[in-house]
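To convert, note that position 123 of the sequence shown is 128 in the working numbering; the numbers rise steadily by one, no gaps.
Note that beta-carbon positions come from the ideal geometry of N, C-alpha and C, so glycine has one too.
Just below is one structure, and these are the notes that go with it.
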Amino acid sequence: MDNSIKFIENFYSHLSAHSFLRVKDVHGNPLPGIFLRMENPVLYILGIAPKEEAQEMEESLTEYTKQMGEALEEMRCTHLISLRILLEEGDGGPSVYSDERIHGVTWHYDLEQKKVFAKDGGPSRLFGIEKLLHLAAEGEAVTQPFLAPEKIKRPWACIIIFLVCLLLLVYTTLSGNGGSTIRAFGLSRRGILQGEYYRFLTAMFLHSGIMHLASNTLFLYYFGTKTERLFGTGRFLALYLISGFCGGTFSILAHDVLGIGASGAIYGILGAMLLLTKKYGPAYTDMNYATMLLLAVASIGFGFLDMGVDNFAHMGGFLGGCLVFLFFIKQAKKGKKLST
Numbered sequence: 006m007d008n009s010i011k012f013i014e015n016f017y018s019h020l021s022a023h024s025f026l027r028v029k030d031v032h033g034n035p036l037p038g039i040f041l042r043m044e045n046p047v048l049y050i051l052g053i054a055p056k057e058e059a060q061e062m063e064e065s066l067t068e069y070t071k072q073m074g075e076a077l078e079e080m081r082c083t084h085l086i087s088l089r090i091l092l093e094e095g096d097g098g099p100s101v102y103s104d105e106r107i108h109g110v111t112w113h114y115d116l117e118q119k120k121v122f123a124k125d126g127g128p129s130r131l132f133g134i135e136k137l138l139h140l141a142a143e144g145e146a147v148t149q150p151f152l153a154p155e156k157i158k159r160p161w162a163c164i165i166i167f168l169v170c171l172l173l174l175v176y177t178t179l180s181g182n183g184g185s186t187i188r189a190f191g192l193s194r195r196g197i198l199q200g201e202y203y204r205f206l207t208a209m210f211l212h213s214g215i216m217h218l219a220s221n222t223l224f225l226y227y228f229g230t231k232t233e234r235l236f237g238t239g240r241f242l243a244l245y246l247i248s249g250f251c252g253g254t255f256s257i258l259a260h261d262v263l264g265i266g267a268s269g270a271i272y273g274i275l276g277a278m279l280l281l282t283k284k285y286g287p288a289y290t291d292m293n294y295a296t297m298l299l300l301a302v303a304s305i306g307f308g309f310l311d312m313g314v315d316n317f318a319h320m321g322g323f324l325g326g327c328l329v330f331l332f333f334i335k336q337a338k339k340g341k342k343l344s345t
C-alpha cells in the first residue's frame with residue numbers, strides 16, 4: 006500500500022478518536038476526506054484525501070464550507086475555519102472559500118519532513134490538528150480513553166455514595182446529634198494533627214443540609230455517573246477518593262475550619278472530565294471544551310462569592326482530579342491495565 010494512503014487512513018482514525026465526525030451526503034455516503042467538529046463558537050471543517058481523490062475532496066470541501074457557512078447562526082457559531090490539507094507540492098485548486106465569518110486555510114504536509122507548511126501566511130498550528138498529522142506520519146497507534154472493558158449498566162459507586170450521604174444527612178437531622186457527629190467526623194486541622202486521619206474520608210459523606218447535598222448530587226448525577234461508566238468503577242472510586250483527599254488537604258492547609266461535604270471529590274470529577282474533553286473532544290462528555298472550561302471557571306469563581314463555601318477544598322479537589330486523570334493517561338500509554 007502506498008505510504009500516503011497508509012498515512013491518510015491512520016490520520017482518519019486519529020481524527021475519529023478525537024471527535025471529528027466524517028461528513029456524509031444526503032444519501033449517507035461519506036464525502037471524500039471531509040471531517041467536521043464543532044467547538045462553539047467555532048466550527049471546524051477539514052479536508053484531506055489521497056491524490057486520486059484530491060480534486061473531488063477540494064470541490065466537496067468548498068461546497069460544504071459554503072453550505073455550513075449559511076447555517077452558522079442556526080448552529081450558534083460565529084466563525085467557521087475550513088482547512089484544506091494537501092500532500093502534493095503545488096497550490097492545489099482554487100483557494101478555500103472565505104468571507105467575513107469563514108476563514109479558509111491551506112496546508113501542505115510534507116510526509117518526508119513530517120512538517121506543516123502553511124500557505125498564504127496562514128497559521129501552521131490549528132486546534133491540535135498538526136499534532137494528529139504528526140502522530141499519523143509516525144505511525145502511532147490511535148489512543149482511546151481508558152474506557153471500562155465492559156459496559157456498566159448501573160453506576161453503583163455513585164448510587165452508594167449518594168445513599169450513604171442521604172442516610173447520614175437524615176440521621177444528623179433527626180437524631181439531634183448532628184452537631185456532635187459533625188464535630189467528631191468533620192474535617193479539621195486540629196483533628197488531623199492529632200492523628201484522626203479518618204476525617205479525610207468521613208467528612209466527604211457529611212452535609213450541612215438538603216440544599217448542600219442536592220447541589221453535590223446534581224454534579225454527581227451528571228458528571229459522576231458518566232465518569233463511572235467511562236472509566237470503570239475502580240478508576241472512578243480512585244478518582245473520587247483521591248480528589249476528596251486533595252480537597253481536604255488544601256482546606257486544612259489554607260485555614261482552620263470544620264469542613265464537611267463531597268465538594269472536593271465532585272470538583273475532582275469535573276477536573277478529570279475537563280481534561281478528557283480537551284484531549285478527546287465532546288464525544289465522551291457531550292459538552293465541548295469551551296463549555297466545560299466555562300463551567301469549571303464559573304463554579305470555582307462563584308465559590309468566592311459565598312462565605313459559607315470552602316473554595317480551597319474545591320480548588321484542591323479540582324487539581325487532584327486533573328492529576329489523577331493525567332496519571333491514568335500515563336498508565337494507559339504504558340499499556341498497563343488498571344483495576345476496574
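Compute the Euclidean distance between the alpha carbons of residue i and residue j, then round it to the nearest angstrom.
i      : j      : result
Gln60  : Leu275 : 44 Å
Phe205 : Asp291 : 32 Å
Met80  : Arg130 : 25 Å
Gly181 : Phe228 : 33 Å
Leu77  : Arg195 : 57 Å
Asp125 : Val147 : 31 Å
Gly214 : Tyr203 : 22 Å
Thr207 : His217 : 16 Å
Lys71  : Val28  : 14 Å
Tyr294 : Thr282 : 6 Å
Leu26  : Lys338 : 24 Å
Trp161 : Leu152 : 17 Å
Gln199 : Ser193 : 10 Å
Met312 : His319 : 14 Å
Asp30  : Glu64  : 13 Å
Arg234 : Arg42  : 24 Å
Pro287 : Asn45  : 11 Å
His23  : Arg188 : 47 Å
Pro55  : Leu300 : 41 Å
Gln118 : Leu20  : 21 Å
Phe333 : Ser18  : 22 Å
Phe132 : Phe16  : 15 Å
Thr296 : Leu179 : 40 Å
His139 : Ala303 : 35 Å
Phe40  : Thr230 : 30 Å
Taking residue i and residue j to be in contact with their CB atoms under 8 Å, please state how far apart those CB atoms are, rounded to whole angstroms.
i      : j      : result
Gly38  : Gly52  : 5 Å
Phe317 : Ala259 : 4 Å
Ile107 : Val47  : 11 Å between Cβ atoms; not a contact.
Thr232 : Met278 : 6 Å
Leu163 : Leu225 : Residue identity differs from the one stated: residue 163 is Cys in this sequence, not Leu. With 8 Å as the limit, Cys163 and Leu225 qualify as a contact, their Cβ atoms being about 6 Å apart.
Could you check what DSSP says for residue i in three-state terms: helix, strand or coil?
i      : result
Lys119 : coil
Gly38  : strand
Lys339 : coil
His139 : helix
Tyr69  : helix
His113 : strand
Glu61  : helix
Met292 : coil
Leu51  : strand
His212 : coil
Leu77  : coil
Report the residue from the options whose alpha carbon sits nearest the alpha carbon of residue i.
i      : options                           : result
Leu298 : Pro150, Tyr272, Phe255 and Glu57  : Tyr272
Leu331 : Leu244, Val302, Lys56 and Arg159  : Leu244
Leu328 : Ile247, Tyr285, Gly266 and Ala301 : Ile247
Cys170 : His212, Trp161 and Gly191         : His212
Phe122 : Pro150, Leu174, Leu88 and Phe241  : Leu88
Ile265 : Leu174, Phe224 and Gly326         : Leu174
Leu168 : Phe132, Ile134, Phe210 and Leu138 : Phe210
Glu58  : Leu137, Leu36 and Phe323          : Leu36
Ala219 : Ala267, Arg240 and Ile197         : Ala267
Arg240 : Thr83, Glu145, Phe40 and Gln336   : Gln336
Tyr285 : Thr230, Leu137 and Glu68          : Leu137
Grab me the residues of residue i's own chain with a C-beta within less than 8 Å of its C-beta, minus the 5 sequence neighbours each way, in chain order.
i      : result
Leu116 : Asn8, Ser9, Phe12, Leu92 and Ala142
Ile157 : Glu233, Arg234, Gly237 and Thr238
Kindly list the residues whose CB is nearer than 7 Å to the CB of residue i, restricted to its own chain and excluding five residues on each side of it in sequence; keep chain order.
i      : result
Gly321 : Cys251, Gly252, Thr254, Phe255, Ser256 and Gly269
Tyr289 : Pro150, Leu235 and Leu281
Gly127 : Val110 and Thr111
Note down, in chain order, each residue of its chain lying with its Cβ closer than 6 Å to the Cβ of residue i, except the 5 sequence neighbours on either side.
i      : result
Ile90  : Ile53, Trp112 and Tyr114
Thr186 : Thr177
Gly325 : Ile247, Ser248, Cys251 and Gly273
Glu135 : Val121
Thr83  : Pro46
Met62  : Pro37, Gly38, Gly52 and Ala54
Ser344 : Bear in mind that a pLDDT of 39 at Ser344, under 50, signals an unreliable position, so the number given afterwards is only what the model happens to contain. Gly239.
Ile305 : His319
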